[in-house]
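The block underneath contains the structure these notes are about, expressed in structure tokens.
Numbering (the working numbering), first residue to last: 3 to 174.
Here's what the structure looks like:
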């Protein structure tokens with residue numbers, strides 16, 4: 003087993019829990035209507051043969067060490083489905099759940115916007131607006147710091163930095 007990527011049957015994976023569908027290539031309206039992050043993305047999924055190839059390659063060669071914010075199971079699934087990676091020093095990875103947590107936190111602490119409201123309803127509207135905008139701009143389907151990288155290059159250069167990422171995006 004290479005660095006945390008394992009193969010298991012569906013029953014073992016679920017371990018009595020529920021199975022949820024993660025949707026790709028959703029409309030902006032659908033994305034915003036699903037207030038809970040980590041359920042969908044604006045990014046388009048690649049063909050099934052590309053997805054399976056990436057998943058099998060990473061099963062054999064590893065996906066890097068697990069990190070709840072920057073390299074978790076949702077990150078693995080999104081990379082396998084899209085081939086997209088985020089290259090920045092300030093990031094929560096590809097995880098919609100982690101991004102939604104930060105979006106909620108930023109909505110709460112947006113003190114300059116709090117002064118634009120005169121009551122609870124106004125504060126709620128501003129908070130919801132900040133939350134929604136933060137979710138959209140952190141989605142892997144619209145971010146500017148995202149590149150599509152072949153799985154072989156990902157594994158061979160697991161220490162890829164921003165300069166290498168810029169070079170990779172120019173080559174493709």
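Note that the Cβ used here is the ideal one computed from N, Cα and C, for glycine as well.
Supposed close pair residue i, residue j - CB separation, criterion 8 angstroms
| i | j | result |
| --- | --- | --- |
| residue 7 | residue 67 | Contact flag wrong, Cβ pair sits at about 11 angstroms. |
| residue 39 | residue 137 | 6 angstroms |
| residue 30 | residue 21 | That pair is no contact at about 26 angstroms. |
Among the options, the one whose alpha carbon lies nearest that of residue i
| i | options | result |
| --- | --- | --- |
| residue 55 | 38, 82, 127, 87 | 82 |
| residue 24 | 135, 77, 62 | 77 |
| residue 50 | 133, 70, 134, 84 | 84 |
| residue 46 | 132, 153, 135, 80 | 80 |
| residue 152 | 52, 134, 89, 41 | 52 |
| residue 147 | 69, 86, 36 | 86 |
| residue 149 | 129, 89, 139, 126 | 89 |
| residue 158 | 70, 44, 130, 60 | 60 |
| residue 34 | 131, 125, 57 | 131 |
| residue 27 | 140, 48, 126, 139 | 48 |
DSSP beta-bridge partners of residue i
| i | result |
| --- | --- |
| residue 80 | Bridge partners of residue 80: none, in fact. |
| residue 69 | 73 |
| residue 86 | 150 |
| residue 157 | Per DSSP, none; premise fails for residue 157. |
Contacts around residue i, its chain only, beta-carbon distance under 8 angstroms, and the 5 residues preceding and following it disregarded
| i | result |
| --- | --- |
| residue 96 | Confidence in residue 96 is poor, its pLDDT being 47 and thus under 50, which makes the residue's placement too unreliable to answer from. |
| residue 139 | 145 |
| residue 154 | 59 |
| residue 18 | none |
| residue 73 | 65, 66, 67, 95 |
Cutoff 7 angstroms; reference residue i; Cβ partners in own chain excluding five residues on either side
| i | result |
| --- | --- |
| residue 12 | none |
| residue 32 | 42 |
| residue 134 | 34 |
| residue 9 | 61 |
| residue 36 | 42 |
Close-in-space but distant-in-sequence residues of the same chain around residue i (CB under 6 angstroms, 5 per side omitted)
| i | result |
| --- | --- |
| residue 93 | The predicted model places residue 93 with a pLDDT of 48, which falls under 50 and marks its position as unreliable, so this point remains unresolved. |
| residue 2 | Absent from the structure is residue 2, since the part of the chain shown begins at 3 and ends at 174. |
Hey, which unbroken runs of the alpha helix (DSSP H) at 4 residues or more fall wholly within the segment 19 to 57? 30 to 35
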